[in-house]
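K.L.:
Structure incoming, see below.
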Amino acid sequence: MAGDALKVSGLKKSFGKNHVLREIDLTLSEGSVTVLMGANGAGKSTLVKVICGHHRADGGSVTLAGEAFTPVDAADAIDKGVVTVHQSIDDGVIPDLDVANNLMLDRLVEPGHGLFVRERHLRAEAAKVAAAMGIHVDLRARVSDMSVADRQMIAIARAMARAPRVLILDEPTSSLSAAEADRLFALIDRLRGQGVAVLYISHRMSDIRRIADRIVVMRDGAISGVFEGATLDYEAAVTAMLGHRMTDVDVTVQSGTEPILEVSNLSLFNRSQPIDLTVRDGEVVALVGLLGSGKSRLAEILFGLSQPRCGDIRLKGQLYAPRSVRDAIARGVFMSPKDRGSNAVVPSFDIANNMTIPFLGSFSTGSMLKTGRQRACAREMVDGLGIVCQSTGDDIGTLSGGNQQKVMIARWLLEPATVLLLDEPFQGVDIGARRDIGHQIRASAAGRATLVFLAEIDEALEIADRIVVMSEGAIVGEHINGQVDLTALVADFTGTAPATGVSP
Amino acid sequence: MLRRHFMALAGVAGFALGAGTAAAQDAPAPLDNPGDVTIALVRYLSTGDFFQAYLSGVETQAAALGVNLRVLDSRQDAALQADMVDQAIALGVDGIIIQHGLTESMRDAAQRAVDAGIKVVAFDVNVENEAIPQIEQSDYLLGKMALDQAISDNGDSFAAGYVYVPGIAPLDRRHVAWEEIKEANSGISEEARIGTLDNPIANANANQARAALQANPNISVFFAPYNEFAKGVKIAADELGISGDMSIYSADISTADIALMREAGSAWKATVATNPAVVGEVSVRALALMLAGEDPGASVIVPPTLITQSFLNENDIRNMEDLGEKMPQFQHADVAMADWIRLPER
Amino acid sequence: MSNRLLDFAIRYGFLILLVGLIVYFSLAAPGFFGPLSAAFVLQSVAITGILALGVTCTLVVGGFDLSIGAVATSALMLAAYSMVILEHPTVVAVGLCLGMGALVGLINGLLIVKFRVPDLLATLGMMFLLIGLQRIPTQGNSIATGMTLPGGTVAEGTFSAAFLWLGRHRFDVMIERLLPMPVVIFVAIAVLIWLFLGFTRHGRLMYAIGSNARAAGLVGTPVNRYKIAAYMISGVTASIGGILLAARLGRGDIASGNNLLLDSVAAALIGFAVLGAARPNAFGTAMGALFVGILLQGMTMMNAPYYTQDFVKGAVLVAALVFTFYLSSRRTGTGH
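This is the structure we're talking about:
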């Protein structure tokens, strides 16, 4: 195998008391793809951010081709040959410019480029870069008109135009279709052939199978497993990722009483298999699946944000077909959405107002708000969920991610729900807050049906009575917590199982 | 621009002079002690050569008298102008000159000032108050004299263009002269009527005039009874290359206008003007008379002067100062005078 | 310690500046301090203040209304047209103007919400449209009793005494005929909007929309309806401003109201800085309007020419925005 391109040894990083990286050792070799796996909060992103110059390490060293590598910022890292393509690709492209300009953008900002854009020259150069990358698109097309995969390709091609030695891809396929992902893999193969060291962050099994030369697994800020050789042991890698926590959970499984939510023959997408699902009073059901598995779609339909193709939903036996969020809330169906930053948090409000916003009507006489009652109720929730703050009048922005998420969940616990939908409630939440939230959801579960939508199996094992696995708009497996066959669950989840009868 | 500097200098110089010597022994109270007297000029219109010259006249005459002057400029905001009269009242000024404005908005404000014991004169706005003398340039005469010149130049039969914006008092009064002339001379036909007060006025009118002249190539005389209008018509005539075939008659004048009239082949043949600086001086003198307890009369009219292109060329007049020297009746108007009133230094 | 000082400066700096200004002008400009002068300051800010309160509502939902100045002048012309040419009674004229304001607000709102036109562009378009529209019925002329109409007839109607009362009446407070009616209306609207935005659930939801419209929608807020309502409030307050202007002028003057838009927007933006709110709020807007009014009155009394006043107005605005966006973000430590 060729030499080591990037070598990380003893890398340490903490945020306050939170040790995010503890002595990480990692080597990336030329012409090889290293896959980095790890559950949410394992420290993958922090590691990438340290390598690409976004954060400073607290200890340890990074060397690039044998020389010390300490970039002052992202631009410096790129200059030295370490290029990162982040998860949100729109950071990597400028949607309103055409492909050629996007590919050549870095040239345009170079000092000494000259005042005027030499259009013809620019397009010729861009065509060269595109050809080298195997990208076949109209160079005059505007990036905003292109598919996500094409944009991703362009972002990577742009990065490659700098001829880097190390390329870091952070969950690049998270928004790609299978066909689009294939094109990306072809590109990665090509780069590997050119001797680039690739660090590929993902926990999508199909990706990993396709491209990995080596798998490195992180857990709790440390490397918990390295797998390499002719045949990679994926199951062992997944187990290393989930770790001992799999057996650590103490969930007293409830089977629920009366059925509250009954979904029958519901078709999520045009050609997907219809699904049937029943959730009972007091039961917490986790719906797990990769991105694009249809779980977000199901949540949207239940919350009145989109309409199903066909099939019907019943709430306590009554037909339920919400046309809007207001309809859903009126029927007692509440949802805490994913991506709280863009979907839930009202940044200019304090804790009390953020918490009480869905039910301001019951906090007012006529139209006038009863601020005292708002504060009192918020106070109760703050105590119940252990939200760390000075007072309910604190700005939401002063809270940590976990505490913000607690406020977002508390919002929907203020009034009794018939069905409570929680979409990725543990996104960007530290382990402590995650336990608090899980505990509160389970403790208050009686009297409603609770559905939790998750992309991580270990999170599901922590909170759910029952785990329903979704894939491509259909339900492909169902497991009762406490008696889970982990191998079968992982197989359902990652789609590694042979296409046996997976309908529940 | 140069002229404005000059005027400002003159104002400062006059003020310095006034502070030293203008406490004329024989001036009646309260002007025997002019440093304690404050007058306010409350303006509605302020952009344009005319209004700048008017202001300079007010400044120089106030400086010559030695009184303090406050200038409150509402910039064509009628409600603000009324507020400014109130401000002046609050300031405790002794006299107010209201310069232009709308009757409806200024009537009450002017009455409040009179009620507060302040002496008020009004220039070019009728505030319907017997206690307030009107300073006027005779707009009717301005129009009449310009049109008489047009007839003596072009005969009593021609196709005419006309610039008019109704509802503006001085233009309405000039309009009366136009209607009379048309009545009296059946050979004069109004082929096109344009007019706008959109800023910049000259430019906006040029656009309209160009269209009118293209549509009516037979127009040989354009009556544009306001110098910004005349500028606009001249721009249009120049752009169409028909300056040689037509004549513009207007009212009002400024240094810039003199240059335009004297351009080779300029269509701008004559204008009739009252020196706005003189009007400014007269406004201050009328107010001074009132402060001293004398009566300037219900209406103070500043007579206009005819200025032709040929007169300007023959005397090689380049600016307003030249014009004042060569045409003494333009430099000074013998109205609202008293022995004790010190005139601005010439 | 320095944090507490910064906090104090952000919270009260603006009000302290306001008091300081009053003290300074009182000493420097004789005649500045007193009920008469105060009434004039209030009078001069009443109409822009009313417009600014409307803009505040659109700012709260994260929008912006550039059409308020044009709505006000349109209401001015409509009132004049209604009373002088159509000879309507006061109630009809006032009703027409308020209805026009609400309608323009509704159209603005629909353009923004339904047709997805960005707010600045939608209201800019509306502004031009209204500036033209208001002059069409009179062919660009001002409207006054006795004017000749395009048909050759003479307008016989007059502004009724009741209508003029709205703009000109002065209540006896301390001094006879001191407090003008527009000031009373300004204060009343300010209190109403202050209560509405700050203390009702509707106001709270509007702030939520302005801060994160998606999140507000996902808790069941009818986002579009509130946005349209905000533009309608803005339209109605602007038309009230226009009515008061018409009543003060007693004439449909086409040149009036040129500065209304910029002055009222400035007042609303300066209001961000009051009490360290760092967001649009009715109290701040009223204080912002007052601040500008006091500054201009004082400078006028100090004999400063109008262009220096514009300069100072701009400087105050920039300073207020720095207060709002820089210092406040430093305080919470959540820089953008």
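Protein chains in written order, with this note's numbering: chain A, 1 to 504; chain B, 505 to 850; chain C, 851 to 1186.
A virtual CB, placed ideally from N, CA and C, is assigned to each residue, including glycine.
Given the structure is predicted, the values throughout are model-derived calculations rather than measurements.
Secondary structure at B:R574, three-state DSSP: helix, strand or coil?
P.N.:
Looking at B:R574 - three-state DSSP - the assignment turns out to be strand.
K.L.:
Among C:A1118, C:I1104, C:I986, C:L956, which one has its Cα closest to the Cα of C:A972?
P.N.:
The option with the nearest alpha carbon to C:A972 is C:L956.
K.L.:
Sort C:L928, C:L1042, C:R966 by Cα distance to C:I1078 and report the nearest one.
P.N.:
C:I1078 has its Cα closest to that of C:R966, out of C:L928, C:L1042, C:R966.
K.L.:
When DSSP builds the beta bridges, which residues end up paired with B:G665?
P.N.:
According to DSSP, which records beta bridges pairwise, B:G665 is partnered with B:A696, B:F726.
K.L.:
Would you mind stating whether A:L169 and A:L191 have Cβ atoms separated by less than 8 Å?
P.N.:
Contact flag unset, no.
K.L.:
Can you tell which of A:G428, A:V93, A:I223 has the C-alpha that lies nearest to the C-alpha of A:I24?
P.N.:
It is A:I223 whose Cα lies nearest to the Cα of A:I24.
K.L.:
Please report the Cβ distance between C:N991 and C:M976, rounded to the nearest whole angstrom; I am assuming they are in contact, meaning their Cβ atoms lie under 8 Å.
P.N.:
Actually they do not touch by this definition, with Cβ atoms about 23 Å apart.
K.L.:
Among all the DSSP beta bridges, which residues are the ones paired with B:N817?
P.N.:
BP columns for B:N817 are empty, so no partner.
K.L.:
Starting from C:V941 and walking both ways along the alpha helix (DSSP H), at which residues does that stretch end?
P.N.:
Its alpha helix (DSSP H) spans residues 940–963.
K.L.:
Could you check which residue in C:V954, C:A1170, C:L936 has the C-alpha nearest to that of C:A922?
P.N.:
Of the listed residues, the one whose Cα sits closest to C:A922 is C:V954.
K.L.:
In terms of residues, what are the limits of the alpha helix (DSSP H) holding C:G1084?
P.N.:
Checking the sequence, you will find Ser at residue 1084 of chain C rather than Gly. Residues 1073–1099.
K.L.:
Which ranges does the alpha helix (DSSP H) cover as unbroken runs of at least 4 residues, wholly within the stretch 709–762 of chain B, from first to last along the chain?
P.N.:
Those alpha helix (DSSP H) runs which fall completely within the stretch 709–762 of chain B and span 4+ residues are 731–744.
K.L.:
Would A:R210 pass as a contact of A:F227 if the rule is Cβ separation under 8 Å?
P.N.:
Not a contact, by the Cβ cut-off of 8 Å.
K.L.:
By the DSSP assignment, the beta strand (DSSP E) with A:R162 in it spans what residues?
P.N.:
That residue, A:R162, is in no beta strand (DSSP E); it is neither H nor E in DSSP.
K.L.:
What residue does the beta strand (DSSP E) around B:T809 start on, and which one ends it?
P.N.:
Per DSSP, B:T809 belongs to the beta strand (DSSP E) from 809–812.
K.L.:
Using a Cβ-Cβ distance cut-off of 8 Å, determine whether A:S364 contacts chain C.
P.N.:
At least one chain C Cβ lies under 8 Å of A:S364.
K.L.:
Below 8 Å on the Cβ atoms is my contact criterion, and I expect B:V839 with B:V786 to pass it. Report the Cβ-Cβ distance as a whole number of Å.
P.N.:
Indeed they touch by this definition, with Cβ atoms about 6 Å apart.
K.L.:
Can you pull the chain B residues whose beta carbon is under 9 Å from the beta carbon of C:I897, in chain order?
P.N.:
Those are A583, listed as they occur along chain B.
K.L.:
With 8 Å as the threshold, decide whether the Cβ of C:P1072 is near any Cβ in chain A.
P.N.:
Closer than 8 Å: yes.
K.L.:
Counting only beta-carbon atoms, is C:L886 nearer than 8 Å to chain B?
P.N.:
Yes, because at least one Cβ of chain B sits closer than 8 Å to the Cβ of C:L886.
K.L.:
Counting along the chain, where does the alpha helix (DSSP H) carrying A:C377 start and finish?
P.N.:
Note, A:C377: alpha helix (DSSP H), 371–385.
K.L.:
What residues in its chain sit with their C-beta under 7 Å from that of C:M1082, if we drop five residues either side in the sequence?
P.N.:
Counting only Cβ-Cβ distances below 7 Å, and skipping sequence neighbours, we find A952, G955, L956, G959.
K.L.:
Between A:L369 and chain C, is any beta-carbon pair separated by less than 8 Å?
P.N.:
Cβ-Cβ to chain C under 8 Å: yes for A:L369.
K.L.:
Looking at the secondary structure, which residues open and close the alpha helix (DSSP H) in which A:D276 lies?
P.N.:
From DSSP, A:D276 is part of no alpha helix (DSSP H) but of the beta strand (DSSP E) over 275–280.
K.L.:
Is it true that the CB of A:L261 sits closer than 8 Å to the CB of A:I275?
P.N.:
No. Outside cutoff.
K.L.:
Note down the Cα distance separating C:S1061 from C:A1165, rounded to an integer number of angstroms.
P.N.:
Distance between the alpha carbons of C:S1061 and C:A1165 is about 27 Å.
K.L.:
If you check the beta carbons only, do C:V1142 and C:G1134 fall under 8 Å apart?
P.N.:
No; because the gap between Cβ atoms is not below 8 Å, this pair is not in contact.
K.L.:
In chain order, what residues of the same chain lie with their CB nearer than 8 Å to the CB of B:P721, ignoring the 5 residues before and after it?
P.N.:
I746, listed in sequence order.
K.L.:
Return helix, strand or coil for C:F1122, following the three-state DSSP convention.
P.N.:
In the structure shown, C:F1122 sits in coil (DSSP, three-state: anything other than H, G, I, E or B).
K.L.:
In this structure, how does DSSP classify B:N707 when only helix, strand and coil are distinguished?
P.N.:
Helix.
K.L.:
Rounding to the nearest angstrom, what Cα-Cα distance links C:I981 and C:L1140 in this structure?
P.N.:
So the alpha carbons of these two residues sit roughly 27 Å apart.
K.L.:
Report the three-state DSSP secondary structure of A:D150 (helix, strand or coil).
P.N.:
In this structure, A:D150 counts as helix in the three-state DSSP scheme.
K.L.:
DSSP three-state call for C:P1030: helix, strand or coil?
P.N.:
Looking at C:P1030 - three-state DSSP - the assignment turns out to be strand.
K.L.:
Given C:F883, which residues of its chain have a CB within under 7 Å of its CB, disregarding the five upstream and five downstream residues?
P.N.:
Closer than 7 Å at the Cβ level, and outside the excluded window around C:F883, lie S876.
K.L.:
Would the beta-carbon of B:A719 fall within 8 Å of that of B:A741?
P.N.:
For B:A719 and B:A741, no; Cβs fall outside 8 Å.
K.L.:
Let me know if B:F627 comes out buried or exposed under the rule of 16 or more other beta-carbons within 10 Å of its beta-carbon.
P.N.:
It counts as buried.
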